[in-house]
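This is how it looks when you write it as structure tokens:
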């Protein structure tokens with residue numbers, strides 16, 4: 001059975017963990033061998049990080065919407081008008097895919113045709129979990145990808161999303177037909193479900209389940225930790241940071257966040273006797289737009305010398321498996337990246353979270369650390385130190401509460417298997433279908 005997983009960014013270890021979790025969940029219910037056709041934004045680099053020899057069931061391909069559509073985000077009205085005309089012509093050309101005629105040759109390269117043929121022949125199409133359907137970002141690329149899947153006769157399954165709210169007219173016009181065609185929409189929190197209520201006709205297909213990465217939790221280790229109580233301390237604490245363009249207060253807001261984390265690192269060394277390692281899910285890949293180690297190095301550069309000698313920045317790339325192995329050896333983690341938080345919890349390591357989007361706040365509520373949650377938009381050094389003291393001073397209780405919650409989150413994440421089981425092998429739900437004949441009305445809507 002061939003499963004397309006689209007919209008992945010495997011250069012981000014958190015996103016790669018989502019992919020591996022989807023793979024794990026589907027394999028738990030599939031009665032046949034699964035092949036995963038993963039359509040990524042930078043597949044050549046991702047293939048280097050996740051080689052075929054190690055992951056033989058995963059084939060990485062270029063996301064079609066990235067290569068066959070035009071995107072211009074400037075204020076040139078003429079260019080943007082022509083972009084719409086071109087993209088409408090691409091949808092028209094899809095009728096002739098593989099025919100070898102002028103439209104087929106004009107709009108699709110050999111690589112495009114190969115990728116689109118794989119799409120067309122797939123048994124299931126899943127858009128990966130994450131937080132990419134929020135209006136901090138332009139959604140045009142994502143929407144074109146969903147429309148493309150529709151033109152190829154597919155009904156896209158939405159894996160665990162944090163999404164919305166949607167206020168922009170373009171998004172409110174284009175998303176409802178896409179959601180209407182989907183047979184299953186998995187959401188990571190009630191807030192996201194509420195954002196969907198006025199966009200879907202059938203809310204019964206929208207289910208709130210835990211982030212899919214909780215499916216990777218080491219259940220036996222967590223149960224053992226809950227039985228034996230406090231593990232032997234290692235004297236090491238991890239900190240995950242990131243640059244956030246949308247922080248309230250702009251550069252001043254980032255400065256406040258950086259000062260707060262710097263104070264956390266200082267207190268961990270000076271008052272708690274810890275060795276501190278900055279480590280994150282987005283680092284060590286030059287081709288990727290984000291490198292959290294740059295923010296970490298900025299923080300460390302401002303530490304007093306007697307503190308800095310106990311602090312290191314791990315700037316290397318780590319796969320999900322390797323990152324979880326590192327987290328297993330830490331006493332706790334201070335995490336800004338949400339999937340650094342989740343992967344740490346999955347191996348039984350408690351987390352003090354710093355939220356930069358509502359998704360982290362929702363997870364913090366469910367794992368019992370909402371009272372020590374820090375918010376990147378409002379955090380101050382004084383608040384950061386106070387909550388660190390509260391968290392570290394009552395670590396055994398926070399560990400117990402969090403790990404009990406992780407077992408529940410694991411069960412919730414795995415419940416997606418029961419929701420997706422009826423769609424496996426169901427060609428009427430999501431299988432290969434003939435390429436649609438477009439009407440003028442269809443093309444007007446899809447453009």
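In full-length UniProt numbering, the protein residues as written are 1 to 447. For every residue, glycine included, the Cβ atom is placed at its ideal position computed from N, Cα and C. All values reported here derive from a predicted model rather than from experimental measurement.
* Just to confirm, are residue 414 and residue 215 a CB contact at a threshold of 8 Å? -> Start at 1 with the first residue of the chain shown, and residue 414 comes out as number 414. Start at 1 with the first residue of the chain shown, and residue 215 comes out as number 215. Annotated as proximal: residue 414 and residue 215, with beta-carbon spacing under 8 Å.
* Taking Cβ to Cβ, would you say residue 157 is nearer than 8 Å to residue 182? -> On the chain shown, residue 157 is found 157 positions in, with the first residue counted as 1. On the chain shown, residue 182 is found 182 positions in, with the first residue counted as 1. In contact: residue 157 and residue 182 (Cβ atoms closer than 8 Å).
* First and last residue of the beta strand (DSSP E) that includes residue 240? -> Position 240 of the chain shown, counted from the start, is the residue given in the question as residue 240. Counting along the chain, the beta strand (DSSP E) containing residue 240 begins and ends at 236-240.
* To do: Going by CA-CA distance only, name the one from 410, 184, 339, 272 that's closest to residue 419.
  => Translated into the one-based positions of the chain shown, residue 419 becomes position 419. Residue 184 is the option with its Cα nearest to residue 419.
* To do: Report yes or no: is there a C-beta of chain B within less than 8 Å of the C-beta of residue 122?
  => The structure shown contains no chain B, having only a single protein chain.
* Asked: Is the beta carbon of residue 257 sitting closer than 8 Å to the one on residue 376?
  -> As a position in the chain shown, residue 257 is number 257, starting the count at 1. As a position in the chain shown, residue 376 is number 376, starting the count at 1. Yes. Within cutoff.
* How would you write the range of the beta strand (DSSP E) that residue 30 sits in, first residue to last? -> In the chain shown, residue 30 corresponds to position 30, counting from 1. Element bounds for residue 30: n/a, residue is neither H nor E.
* Would you mind sorting residue 463 into buried or exposed? The rule is 16 or more other CB atoms within 10 Å of its CB. => Outside the displayed range of the chain (1 to 447) lies residue 463, so it cannot be described from this structure.
* Asked: If we count the other Cβ atoms within 10 Å of its Cβ and call it buried at 16 or more, is residue 344 buried or exposed?
  -> As a working note, residue 344 is residue 344 in the chain shown. Sixteen is the threshold: when 16 or more other Cβ atoms of the shown chains lie within 10 Å of the Cβ of residue 344, as they do, the residue is buried.
* **N- and C-terminal bounds of the beta strand (DSSP E) containing residue 335** => By one-based count along the chain shown, residue 335 stands at place 335. For residue 335, the enclosing beta strand (DSSP E) has its first and last residue at 332-335.
* With a threshold of 16 other CB atoms inside 10 Å of the CB of residue 18, please say whether the residue is buried or exposed. => By 1-based counting over the chain shown, the position of residue 18 is 18. By the neighbour-count rule (16 or more Cβ atoms within 10 Å), residue 18 is buried.
* Cut-off 7 Å between Cβ atoms - residues of its own chain near residue 421, not counting five sequence neighbours on either side -> Translated into the one-based positions of the chain shown, residue 421 becomes position 421. Taken in chain order, the residues that qualify are 29.
* **Residue from 97, 20, 276 whose Cα sits closest to the Cα of residue 129** => The count along the chain shown starts at 1 and reaches residue 129 at position 129. Per the Cα distances, 20.
* Asked: So, using beta-carbon positions, are residue 364 and residue 370 closer together than 8 Å?
  -> The residue labelled residue 364 in the question sits at position 364 within the chain shown. The residue labelled residue 370 in the question sits at position 370 within the chain shown. Yes.
* To do: Could you pull the start and end residues of the alpha helix (DSSP H) that residue 102 belongs to?
  => Within the chain shown, residue 102 is the residue found at index 102, counting from 1. Looking at the DSSP string, the run of the alpha helix (DSSP H) that includes residue 102 is 102-107.
* **For residue 263, the nearest candidate out of 227, 245, 301 (CA to CA)** => Indexing the chain shown from 1 puts residue 263 at position 263. Selected option, being the one with the closest Cα: 301.
* To do: Starting from residue 453, follow the alpha helix (DSSP H) in both directions and report where the run begins and ends.
  => There is no way to answer for residue 453, as the model of the chain reaches only from 1 to 447.
* To do: Pull up the distance between the alpha-carbon of residue 160 and that of residue 314, whole angstroms please.
  => One-based indexing of the chain shown puts residue 160 at position 160. One-based indexing of the chain shown puts residue 314 at position 314. CA-to-CA, the gap between residue 160 and residue 314 works out to about 29 Å.
* **Straight-line gap, residue 134 to residue 22 (C-alpha atoms, nearest Å)** => Taking the first residue of the chain shown as 1, we reach residue 134 at position 134. Taking the first residue of the chain shown as 1, we reach residue 22 at position 22. Rounded to the nearest angstrom, the two C-alpha atoms are 21 Å apart.
* Between the CA atoms of residue 124 and residue 155 - distance to the nearest angstrom -> The count along the chain shown starts at 1 and reaches residue 155 at position 155. The count along the chain shown starts at 1 and reaches residue 124 at position 124. Using only the alpha carbons, I get a separation of about 8 Å.
* Let me know the secondary structure DSSP gives residue 273 once reduced to three states. => Taking the chain shown and counting its residues from 1, one reaches residue 273 at position 273. If DSSP states are grouped into helix, strand and coil, residue 273 belongs with coil.
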